[in-house]
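*Asks:* Residue numbers (my numbering): 441 to 734.
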Amino acid sequence: MEGLAIRASRPSIICSLPGLDGGSQRLPLSDGFLRLPTSSYAADKPKLVAKSASLHPISAVNVSAQASLTADFPALSETNVKEERINGDKNKPENIVWHESSICRCDRQQLLQQKGCVIWITGLSGSGKSTVACALSKALFERGKLTYTLDGDNVRHGLNRDLTFKAEDRTENIRRIGEVAKLFADVGVICIASLISPYRRDRDECRSLLPEGDFVEVFMDVPLSVCESRDPKGLYKLARAGKIKGFTGIDDPYEAPLNCEVVLKHTGDDDSCSPRQMAEHIISYLQNKGYLEG
(Lines of atoms letter the chains of each structure in order from A; the text may use other names.)
(Lines give C-alpha, C1' and ligand atoms only; values in the text may rest on other atoms or scores of the structure.)
Protein backbone atom coordinates (compact mmCIF):
# COMPACT_ATOMS: atom_id res chain seq x y z
CA MET A 441 0.00 0.00 0.00
CA GLU A 442 1.56 3.28 -1.11
CA GLY A 443 -0.01 5.54 1.52
CA LEU A 444 -2.80 6.05 4.00
CA ALA A 445 -5.41 8.78 3.45
CA ILE A 446 -7.69 10.22 6.11
CA ARG A 447 -10.63 12.32 4.98
CA ALA A 448 -12.49 14.63 7.38
CA SER A 449 -15.65 16.69 6.82
CA ARG A 450 -13.77 19.89 7.69
CA PRO A 451 -11.26 21.18 5.04
CA SER A 452 -7.57 21.39 5.93
CA ILE A 453 -4.94 23.58 4.30
CA ILE A 454 -1.48 22.24 5.11
CA CYS A 455 0.17 20.44 7.96
CA SER A 456 3.65 19.57 9.12
CA LEU A 457 4.38 16.08 10.41
CA PRO A 458 7.62 14.60 11.74
CA GLY A 459 8.97 12.05 9.30
CA LEU A 460 9.31 8.48 10.36
CA ASP A 461 13.02 8.68 9.55
CA GLY A 462 13.54 11.54 12.04
CA GLY A 463 13.09 14.35 9.51
CA SER A 464 10.15 16.71 9.00
CA GLN A 465 7.80 16.96 6.04
CA ARG A 466 5.26 19.61 4.99
CA LEU A 467 2.37 17.83 3.43
CA PRO A 468 0.01 19.82 1.17
CA LEU A 469 -3.59 18.70 1.46
CA SER A 470 -6.27 18.59 -1.19
CA ASP A 471 -9.89 17.48 -1.43
CA GLY A 472 -10.05 17.05 2.36
CA PHE A 473 -7.36 14.29 2.45
CA LEU A 474 -4.50 14.07 4.92
CA ARG A 475 -1.76 11.92 3.44
CA LEU A 476 0.55 10.06 5.81
CA PRO A 477 3.80 8.56 4.46
CA THR A 478 4.39 4.88 4.89
CA SER A 479 7.68 3.14 5.41
CA SER A 480 9.12 -0.24 6.03
CA TYR A 481 8.74 0.56 9.74
CA ALA A 482 4.99 0.03 9.53
CA ALA A 483 5.47 -3.35 7.92
CA ASP A 484 8.18 -4.50 10.36
CA LYS A 485 6.33 -3.66 13.59
CA PRO A 486 3.26 -5.49 14.91
CA LYS A 487 -0.11 -3.76 14.52
CA LEU A 488 -1.72 -2.12 17.55
CA VAL A 489 -5.34 -3.10 18.18
CA ALA A 490 -7.66 -1.12 20.47
CA LYS A 491 -9.18 -3.33 23.12
CA SER A 492 -11.31 -0.76 24.92
CA ALA A 493 -15.03 -1.39 24.66
CA SER A 494 -15.55 2.36 24.16
CA LEU A 495 -13.63 2.34 20.87
CA HIS A 496 -15.12 1.24 17.60
CA PRO A 497 -13.08 -0.75 15.07
CA ILE A 498 -12.02 1.11 11.93
CA SER A 499 -11.55 -0.79 8.74
CA ALA A 500 -9.50 0.36 5.75
CA VAL A 501 -10.31 -0.59 2.19
CA ASN A 502 -7.67 -0.65 -0.55
CA VAL A 503 -8.77 1.51 -3.47
CA SER A 504 -6.07 2.00 -6.13
CA ALA A 505 -3.32 1.32 -3.59
CA GLN A 506 -4.84 3.87 -1.18
CA ALA A 507 -7.06 3.49 1.89
CA SER A 508 -9.60 6.10 2.96
CA LEU A 509 -11.00 6.75 6.42
CA THR A 510 -13.96 9.12 6.72
CA ALA A 511 -14.58 10.97 9.98
CA ASP A 512 -18.24 11.24 10.84
CA PHE A 513 -19.01 14.79 12.05
CA PRO A 514 -22.57 16.15 12.41
CA ALA A 515 -23.39 18.46 9.52
CA LEU A 516 -24.42 22.06 10.14
CA SER A 517 -27.70 22.14 8.30
CA GLU A 518 -30.22 24.93 7.67
CA THR A 519 -32.62 23.06 9.96
CA ASN A 520 -30.11 23.11 12.82
CA VAL A 521 -29.59 26.84 12.37
CA LYS A 522 -33.33 27.55 12.42
CA GLU A 523 -33.79 25.40 15.55
CA GLU A 524 -31.02 27.37 17.24
CA ARG A 525 -32.81 30.63 16.39
CA ILE A 526 -36.13 29.36 17.72
CA ASN A 527 -34.87 27.72 20.90
CA GLY A 528 -32.63 30.65 21.82
CA ASP A 529 -31.50 30.45 25.46
CA LYS A 530 -32.54 26.79 25.74
CA ASN A 531 -29.57 25.84 23.56
CA LYS A 532 -27.11 28.21 25.21
CA PRO A 533 -24.11 26.37 26.66
CA GLU A 534 -23.96 26.39 30.46
CA ASN A 535 -20.45 27.83 30.48
CA ILE A 536 -21.59 31.16 28.97
CA VAL A 537 -21.94 33.73 31.75
CA TRP A 538 -22.91 37.39 31.63
CA HIS A 539 -19.94 39.67 32.37
CA GLU A 540 -20.92 42.84 34.19
CA SER A 541 -19.39 46.16 33.10
CA SER A 542 -17.68 48.48 35.56
CA ILE A 543 -19.74 51.33 34.07
CA CYS A 544 -23.49 51.07 34.47
CA ARG A 545 -26.25 52.36 32.23
CA CYS A 546 -27.06 55.27 34.55
CA ASP A 547 -23.43 56.46 34.30
CA ARG A 548 -23.63 56.57 30.50
CA GLN A 549 -26.99 58.33 30.58
CA GLN A 550 -25.59 60.91 32.99
CA LEU A 551 -22.70 61.50 30.59
CA LEU A 552 -25.06 61.97 27.61
CA GLN A 553 -27.71 63.89 29.56
CA GLN A 554 -30.47 61.71 28.14
CA LYS A 555 -32.05 58.32 28.76
CA GLY A 556 -31.62 55.44 26.36
CA CYS A 557 -34.74 54.05 24.73
CA VAL A 558 -36.03 52.52 21.51
CA ILE A 559 -38.43 54.38 19.24
CA TRP A 560 -39.98 51.60 17.14
CA ILE A 561 -41.72 53.07 14.08
CA THR A 562 -44.02 50.54 12.38
CA GLY A 563 -46.42 50.77 9.47
CA LEU A 564 -47.08 49.78 5.89
CA SER A 565 -44.58 50.29 3.12
CA GLY A 566 -44.98 53.87 1.92
CA SER A 567 -46.47 55.11 5.19
CA GLY A 568 -43.50 57.42 5.78
CA LYS A 569 -41.58 55.50 8.46
CA SER A 570 -38.09 56.27 7.17
CA THR A 571 -38.97 59.90 6.43
CA VAL A 572 -40.27 60.47 9.96
CA ALA A 573 -37.29 58.61 11.42
CA CYS A 574 -34.91 60.98 9.61
CA ALA A 575 -36.89 64.05 10.71
CA LEU A 576 -36.94 62.79 14.30
CA SER A 577 -33.21 62.10 14.32
CA LYS A 578 -32.44 65.56 12.97
CA ALA A 579 -34.78 67.33 15.41
CA LEU A 580 -33.22 65.52 18.38
CA PHE A 581 -29.71 66.23 17.09
CA GLU A 582 -30.56 69.92 16.97
CA ARG A 583 -31.51 69.62 20.66
CA GLY A 584 -28.10 68.10 21.42
CA LYS A 585 -29.37 64.53 21.78
CA LEU A 586 -27.55 61.47 20.49
CA THR A 587 -29.57 59.11 18.30
CA TYR A 588 -29.01 56.29 15.87
CA THR A 589 -31.44 54.99 13.24
CA LEU A 590 -31.82 51.32 12.32
CA ASP A 591 -33.64 51.41 9.00
CA GLY A 592 -35.11 48.11 7.83
CA ASP A 593 -33.62 48.32 4.33
CA ASN A 594 -30.23 49.53 5.56
CA VAL A 595 -29.83 46.69 8.03
CA ARG A 596 -30.48 44.18 5.25
CA HIS A 597 -27.39 45.51 3.46
CA GLY A 598 -25.14 44.20 6.23
CA LEU A 599 -26.22 42.47 9.45
CA ASN A 600 -29.28 40.81 7.92
CA ARG A 601 -28.15 40.37 4.33
CA ASP A 602 -28.36 36.58 4.73
CA LEU A 603 -32.13 36.71 5.39
CA THR A 604 -34.92 36.37 2.85
CA PHE A 605 -38.49 37.66 3.08
CA LYS A 606 -39.95 34.31 4.12
CA ALA A 607 -42.00 34.38 7.34
CA GLU A 608 -39.31 32.79 9.52
CA ASP A 609 -36.60 35.08 8.14
CA ARG A 610 -38.72 38.18 8.63
CA THR A 611 -39.14 37.17 12.26
CA GLU A 612 -35.38 36.67 12.59
CA ASN A 613 -34.80 40.05 10.91
CA ILE A 614 -36.89 41.79 13.55
CA ARG A 615 -35.36 39.78 16.39
CA ARG A 616 -31.84 40.82 15.41
CA ILE A 617 -32.79 44.48 15.04
CA GLY A 618 -34.50 44.31 18.44
CA GLU A 619 -31.33 42.97 20.05
CA VAL A 620 -29.14 45.64 18.43
CA ALA A 621 -31.62 48.38 19.43
CA LYS A 622 -31.47 47.08 23.00
CA LEU A 623 -27.68 47.53 23.01
CA PHE A 624 -27.99 51.13 21.78
CA ALA A 625 -30.54 51.89 24.51
CA ASP A 626 -28.23 50.37 27.11
CA VAL A 627 -25.47 52.74 25.96
CA GLY A 628 -27.85 55.64 26.57
CA VAL A 629 -28.57 56.35 22.92
CA ILE A 630 -32.09 57.08 21.63
CA CYS A 631 -32.38 54.32 19.02
CA ILE A 632 -34.91 54.80 16.22
CA ALA A 633 -35.93 51.54 14.54
CA SER A 634 -37.87 52.02 11.32
CA LEU A 635 -39.30 48.91 9.66
CA ILE A 636 -42.65 47.44 8.65
CA SER A 637 -42.57 44.72 11.36
CA PRO A 638 -46.09 43.57 10.46
CA TYR A 639 -46.76 41.09 13.27
CA ARG A 640 -47.67 42.06 16.84
CA ARG A 641 -45.96 39.00 18.26
CA ASP A 642 -42.58 40.02 16.83
CA ARG A 643 -42.91 43.62 18.04
CA ASP A 644 -43.96 42.43 21.48
CA GLU A 645 -40.89 40.19 21.63
CA CYS A 646 -38.69 43.24 21.01
CA ARG A 647 -40.59 45.18 23.67
CA SER A 648 -39.93 42.41 26.19
CA LEU A 649 -36.17 42.86 25.74
CA LEU A 650 -36.23 46.31 27.35
CA PRO A 651 -37.17 47.65 30.77
CA GLU A 652 -40.73 48.86 31.23
CA GLY A 653 -41.34 52.09 29.30
CA ASP A 654 -38.13 52.02 27.26
CA PHE A 655 -39.84 50.65 24.15
CA VAL A 656 -41.86 53.39 22.48
CA GLU A 657 -44.02 51.97 19.71
CA VAL A 658 -44.99 54.53 17.05
CA PHE A 659 -47.72 53.51 14.59
CA MET A 660 -47.85 55.20 11.20
CA ASP A 661 -51.63 55.04 10.78
CA VAL A 662 -51.80 55.66 7.03
CA PRO A 663 -54.47 53.97 4.85
CA LEU A 664 -53.33 51.34 2.36
CA SER A 665 -54.79 53.41 -0.49
CA VAL A 666 -52.55 56.35 0.41
CA CYS A 667 -49.45 54.15 0.77
CA GLU A 668 -50.20 52.49 -2.55
CA SER A 669 -50.71 55.83 -4.30
CA ARG A 670 -47.28 56.93 -3.08
CA ASP A 671 -45.52 53.62 -3.85
CA PRO A 672 -42.03 55.21 -3.66
CA LYS A 673 -40.23 51.95 -4.49
CA GLY A 674 -42.76 50.60 -7.00
CA LEU A 675 -43.34 47.56 -4.78
CA TYR A 676 -47.14 47.74 -4.68
CA LYS A 677 -47.26 47.72 -8.46
CA LEU A 678 -45.09 44.61 -8.55
CA ALA A 679 -47.18 42.96 -5.82
CA ARG A 680 -50.43 43.68 -7.65
CA ALA A 681 -48.91 42.14 -10.78
CA GLY A 682 -48.04 39.01 -8.83
CA LYS A 683 -44.28 39.54 -9.22
CA ILE A 684 -43.78 39.87 -5.45
CA LYS A 685 -45.37 37.27 -3.18
CA GLY A 686 -46.18 37.74 0.50
CA PHE A 687 -46.15 41.54 0.31
CA THR A 688 -47.54 43.22 3.42
CA GLY A 689 -50.93 44.82 2.81
CA ILE A 690 -51.57 42.92 -0.43
CA ASP A 691 -51.30 39.17 0.13
CA ASP A 692 -49.81 39.23 3.63
CA PRO A 693 -51.47 40.86 6.65
CA TYR A 694 -50.36 43.86 8.68
CA GLU A 695 -51.36 43.70 12.34
CA ALA A 696 -51.82 47.23 13.64
CA PRO A 697 -50.71 47.90 17.24
CA LEU A 698 -53.41 47.65 19.88
CA ASN A 699 -51.76 49.67 22.67
CA CYS A 700 -48.92 51.67 21.16
CA GLU A 701 -47.45 54.77 22.79
CA VAL A 702 -47.77 57.15 19.82
CA VAL A 703 -50.14 57.13 16.82
CA LEU A 704 -49.31 59.30 13.84
CA LYS A 705 -52.55 59.38 11.91
CA HIS A 706 -52.80 60.52 8.32
CA THR A 707 -55.50 63.21 8.06
CA GLY A 708 -54.74 64.67 4.64
CA ASP A 709 -53.67 67.96 6.22
CA ASP A 710 -50.22 68.83 4.88
CA ASP A 711 -49.26 70.81 8.00
CA SER A 712 -50.23 68.25 10.63
CA CYS A 713 -48.95 65.36 8.49
CA SER A 714 -45.56 66.86 7.67
CA PRO A 715 -42.59 64.69 8.77
CA ARG A 716 -41.29 67.48 11.02
CA GLN A 717 -44.65 67.87 12.76
CA MET A 718 -44.91 64.12 13.28
CA ALA A 719 -41.40 64.10 14.71
CA GLU A 720 -42.41 66.85 17.16
CA HIS A 721 -45.27 64.65 18.43
CA ILE A 722 -42.76 61.93 19.28
CA ILE A 723 -40.41 64.43 20.92
CA SER A 724 -43.26 65.73 23.08
CA TYR A 725 -43.86 62.18 24.31
CA LEU A 726 -40.13 61.74 25.09
CA GLN A 727 -40.03 65.04 26.98
CA ASN A 728 -43.07 64.14 29.08
CA LYS A 729 -41.49 60.80 29.98
CA GLY A 730 -38.16 62.36 30.91
CA TYR A 731 -36.06 60.72 28.21
CA LEU A 732 -34.45 64.00 27.15
CA GLU A 733 -32.92 64.53 30.60
CA GLY A 734 -29.88 62.90 32.20
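A virtual CB, placed ideally from N, CA and C, is assigned to each residue, including glycine.
#1: Hey, V627 and R548 are a contact pair by Cβ (cut 8 Å); roughly how many whole angstroms apart?
#2: On a CA-only basis, which of P697, F624, S724, D709 is nearest L590? Give me that one, please.
#3: With a Cβ-Cβ cutoff of 9 Å, do V629 and V658 count as a contact?
#4: Decide if D593 is buried, meaning its Cβ has at least 16 other Cβ atoms within 10 Å, or exposed.
#5: Since D577 contacts T562 with CB under 8 Å, what's their CB separation in whole angstroms?
#6: Where does E612 land, buried or exposed, given buried means 16+ other C-beta within 10 angstroms?
#7: Between which two residues does the alpha helix (DSSP H) carrying K569 extend?
#8: Can you look up S724 in the DSSP assignment and give me helix, strand or coil?
#9: Is any non-hydrogen atom of the ligand FMN found closer than 8 Å to the C-beta of G592, if you look at the structure I gave you?
#10: Between the alpha carbons of M660 and L650, how many angstroms are there, rounded?
#11: Using the rule of at least 16 other Cβ atoms within 10 Å of the residue's Cβ for burial, across every protein chain shown, is V558 buried or exposed?
#12: What residue ranges within the stretch 614 to 693 form continuous beta strand (DSSP E) runs of no fewer than 3 residues, ordered along the chain?
*Replies:* Put simply:
#1: Between V627 and R548 a beta carbon distance of about 6 Å is seen, short of the 8 Å cut, so the two are scored as contacting.
#2: Closest option to L590, Cα to Cα, is F624.
#3: Their beta carbons are not under 9 Å apart, which means V629 does not touch V658 by this criterion.
#4: With fewer than 16 Cβ atoms within 10 Å of its Cβ, D593 is classed as exposed.
#5: At residue 577 the sequence reads Ser, which differs from the Asp that was named. That pair is no contact at about 17 Å.
#6: Classification of E612: buried, given that the 10 Å Cβ count is 16 or more.
#7: For K569, the enclosing alpha helix (DSSP H) begins and ends at 569 to 582.
#8: It is helical.
#9: For the ligand FMN, the structure offers nothing, since it holds no ligand at all.
#10: Looking at the two C-alpha atoms, the distance is approximately 22 Å.
#11: V558 comes out buried.
#12: DSSP runs (the beta strand (DSSP E)) wholly in the stretch 614 to 693: 630 to 634, 655 to 661.
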